[in-house]
Amino acid sequence: MDFIMPGMDGLETTRCIRAMALASQPRIVALTANAFAEDRERASAAGMDAFLSKPLQLKQLRHELCTACLKKHTPSKVVDR
Numbered sequence: 005m006d007f008i009m010p011g012m013d014g015l016e017t018t019r020c021i022r023a024m025a026l027a028s029q030p031r032i033v034a035l036t037a038n039a040f041a042e043d044r045e046r047a048s049a050a051g052m053d054a055f056l057s058k059p060l061q062l063k064q065l066r067h068e069l070c071t072a073c074l075k076k077h078t079p080s081k082v083v084d085r
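Be aware that the sequence shown starts at 5, since it is given in this note's numbering, and climbs by one per residue.
Pasting the structure below:
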């Protein structure tokens, strides 16, 4: 989920998804050009499961997506990759 999107940003979109009463919550990986600690904290607070900053390697993205698919969403600290 990119931080900067038209209309609703990625953080607000994530908050809305997390607020839904879903049988299974999706895993959400932050993807942004912002690589500051504050951005990681904002991603975690919004409910994102992991954090990737641009530019990234396809290998990083593939690894994070595979890892996210294997675990359940837990509202805890975001993983920095």
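Glycine is no exception: its CB is placed at the ideal position from the N, C-alpha and C atoms.
Discussion item. Tell me the rounded alpha-carbon separation between N38 and S57.
Written reply: 6 Å
Worksheet item: Should G14 and A34 be called a contact, given that it needs their Cβ atoms to be closer than 9 Å?
Response: yes
Worksheet entry | Between the CA atoms of A47 and A27 - distance to the nearest angstrom | If I take the Cα positions, the gap works out to 22 Å.
Worksheet item: Which runs of the beta strand (DSSP E), 3 residues or longer, sit entirely within the region 35-75?
Response: 54-57
Fill in: Cβ-based neighbour list, L60, same chain, cut-off 8 Å, excluding 5 preceding and 5 following
The answer, listed in chain order, is L35.
Worksheet item: By how many angstroms is the C-alpha of D43 removed from the C-alpha of T71?
Response: 21 Å
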